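Peer 1: Below is the structure I would like to discuss, written out as C-alpha cells.
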Amino acid sequence: MVAGQLKRMNHSAKRTTAGAFRLYRDFLNLEGGLKGGPGTDEPDAVKKKRFDIRELVMLQKIAASWDSTDVIRSAMSIFGGHGVMEDFSSLPRLYRDSAVNELWEGPRNVLLTQIHRDLQRSSAWYKPSEFLGNILSGLDEGLVAELSEEITELVSYSSLFSMDEKTIEVCRRWDAFCHRLFHSYQDLALQEVEN
Ligand SMILES: Cc1cc2nc3c(=O)[nH]c(=O)nc-3n(C[C@H](O)[C@H](O)[C@H](O)COP(=O)(O)OP(=O)(O)OC[C@H]3O[C@@H](n4cnc5c(N)ncnc54)[C@H](O)[C@@H]3O)c2cc1C
C-alpha cells in the first residue's frame, strides 16, 4: 500500500512541476503578457494563445493547490502519529500553508466560475473544443475527443447560478472536469520531459 501511495505522490509532484514549467515557458514567450480582455487588433492565433494561457493559469492554480494539500495529507498519514506532530515533522506546517494556497489569489469556486464564463464569452471566435485541442495537442486522440465532447456540453450550460438539482450536478461535473483537464495538460508536460 505504501509503495503505491509513494508512487502516486511522486507522480503528482513530477507532473505538477513539469506542468508549471511548461506553462511558464509559454507565458514568457507571450509578447505583451496577459491582457485584461482579448485584444481586437491582434491576429487570431495570438489572441487564442493569450486566451489559452489565461485559462491555464487559473486551471493550474486550482489543480496544483488542491493536489498539494492532498499529497501532504497522504504524506502525514504514512508517518502515522508522528506525521501530525510538529516537533517531529514539518508536514503539518506545509499542510496549513497549502490550505492557504487553495484560497488566496482566487478560491476554487470563483476561478471555476470565471473559466466557465470566459469559455462561454469567447465561444463565438474560439470554440471550447478548439481551445481544448490546442492546449492538449500531442495527447492521446481518444482522450482529447472524450474531453472535447464533455467541455462542449458543460460550457453550453448557460448559467451556473441556479439552485436547482441539474445546475448543481453540472457544477459538480465542471469542477471534476477542470481538475482532470489540467492533469491531462500536466501529463503532456511530463511526457515532453521524459521522452
Ligand atoms: C494568509 C492570507 C494572507 C492574505 N494576504 C492578502 C494580501 O496580502 N493582500 C490581499 O489583497 N489579500 C490577501 N488575502 C486575501 C485572499 O486573497 C482572500 O482571502 C481570497 O481571495 C479569498 O477571498 P475571501 O477570503 O474574501 O473569501 P470569499 O470570496 O468570501 O470566499 C468564500 C467562499 O465563497 C466562494 N465564492 C466567493 N465568490 C464566489 C462566486 N462569485 N461564485 C462562486 N463561489 C464564490 C469561494 O470560492 C469560497 O469557497 C490573504 C488571505 C490569507 C488567508
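Each residue of the sequence shown is one higher than the one before, starting from 1 at the first, in my numbering.
Ideal Cβ placement from N, Cα and C applies to all residues, glycine included.
The structure presented is a predicted model; accordingly, all values stated were derived computationally and were not measured.
If you pair each beta-carbon of the region 155 to 174 with each one of the region 132 to 147, do three or more pairs fall below 8 angstroms?
Peer 2: Taking 8 angstroms as the limit for Cβ pairs, the verdict is that the region 132 to 147 does not touch the region 155 to 174.
Peer 1: Helix, strand or coil, according to DSSP, for TRP66 in the structure here?
Peer 2: Numbered from its first residue, the sequence shown carries residue 66 at position 66. If DSSP states are grouped into helix, strand and coil, TRP66 belongs with the helices.
Peer 1: Among SER137, LEU56, ILE72, ALA18, which one has its Cα closest to the Cα of CYS178?
Peer 2: Locating residue 178 in the sequence shown gives position 178, where the first residue counts as 1. Comparing Cα-Cα distances from CYS178 to each of SER137, LEU56, ILE72, ALA18, the minimum goes to LEU56.
Peer 1: Measuring from the CB of THR113, is there a heavy atom of ligand 1 at a distance below 7 angstroms?
Peer 2: Against the sequence shown, residue 113 aligns to sequence position 113. Yes; taking the cut-off as 7 angstroms, the Cβ of THR113 has a heavy atom of ligand 1 nearer than that.
Peer 1: Identify which residue in MET1, LEU154, GLY19 has its Cα closest to the Cα of PHE182.
Peer 2: Along the sequence shown, one-based indexing puts residue 182 at 182. Cα-wise, what sits closest to PHE182 is GLY19.
Peer 1: With a threshold of 7 angstroms on Cβ separation, who are the neighbours of VAL193 within its own chain once the five nearest residues in sequence on each side are excluded?
Peer 2: Numbered from its first residue, the sequence shown carries residue 193 at position 193. Contacts found: ALA18.
Peer 1: Rounded to the nearest angstrom, how far is the Cβ of SER129 from that of ILE151, given a contact under 8 angstroms?
Peer 2: What you label residue 129 is simply residue 129 of the sequence shown in a count that begins at 1. What you label residue 151 is simply residue 151 of the sequence shown in a count that begins at 1. Their Cβ separation, rounded to whole angstroms, is 7 angstroms, which keeps SER129 and ILE151 in contact under 8 angstroms.
Peer 1: So is the beta-carbon of GLU105 under 7 angstroms away from any non-hydrogen atom of ligand 1?
Peer 2: As a working mapping, residue 105 is identified with position 105 in the sequence shown. Within the cutoff, so yes.
Peer 1: Rounded to the nearest angstrom, what separates ILE135 and VAL46 at their Cα positions?
Peer 2: Counting from one through the sequence shown, the residue named residue 135 turns up at place 135. Counting from one through the sequence shown, the residue named residue 46 turns up at place 46. Roughly 14 angstroms separates the two Cα atoms.
Peer 1: What is the DSSP secondary structure of PHE51, counted as helix, strand or coil?
Peer 2: Residue mapping note: residue 51 aligns to position 51 of the sequence shown, counting from 1. Correct three-state label for PHE51: helix.
Peer 1: So for PRO107, helix, strand or coil by DSSP?
Peer 2: The residue labelled residue 107 in the question sits at position 107 within the sequence shown. Three-state result, PRO107: coil.
Peer 1: Is it a yes or a no for the region 99 to 108 touching the region 154 to 165, going by three-plus beta-carbon pairs under 8 angstroms?
Peer 2: No contact exists between the region 99 to 108 and the region 154 to 165.
Peer 1: Just to confirm the assignment, what range does the alpha helix (DSSP H) spanning HIS11 have?
Peer 2: Stepping through the sequence shown from its first residue, residue 11 is reached at position 11. It spans 2 to 28 - the alpha helix (DSSP H) in which HIS11 sits, taken as one unbroken run.
Peer 1: Among the residues of its own chain, which have a CB less than 7 angstroms from the CB of GLN120, if the five just before and after it don't count?
Peer 2: Translated into the one-based positions of the sequence shown, residue 120 becomes position 120. Cβ within range, chain order: VAL155.
Peer 1: Taking 7 angstroms as the limit between beta carbons, can you name the residues of its chain near LEU190, skipping five residues before and five after?
Peer 2: Working through the sequence shown from its first residue, we reach residue 190 at position 190. Same-chain partners within the cutoff: LYS14, ARG15, ALA18.
Peer 1: Given the structure, does ASN10 come close to ligand 1, in the sense that its CB is under 7 angstroms from one of the ligand's heavy atoms?
Peer 2: Here residue 10 is taken as the residue at index 10 of the sequence shown, counted from 1. It does not: the Cβ of ASN10 is nowhere closer than 7 angstroms to a heavy atom of ligand 1.
Peer 1: For the alpha helix (DSSP H) that contains HIS179, what are its first and last residues?
Peer 2: To locate residue 179, count along the sequence shown from 1; it is residue 179. Counting along the chain, the alpha helix (DSSP H) containing HIS179 begins and ends at 165 to 194.
Peer 1: Measure the beta-carbon distance from GLN60 to LEU23 and round it to whole angstroms, keeping in mind my assumption that it falls under 8 angstroms.
Peer 2: The sequence position of residue 60 within the sequence shown is 60, counting from 1. The sequence position of residue 23 within the sequence shown is 23, counting from 1. Confirmed, Cβ separation roughly 6 angstroms.
Peer 1: Answer with buried or exposed for MET213, where buried requires no fewer than 16 other C-beta atoms within 10 angstroms of its C-beta.
Peer 2: Any question about residue 213 goes unanswered here, given that the chain covers just 1 to 195.
Peer 1: Tell whether a beta-carbon distance below 8 angstroms holds between MET197 and ALA64.
Peer 2: This structure cannot speak to residue 197, because the chain is shown only from 1 to 195.
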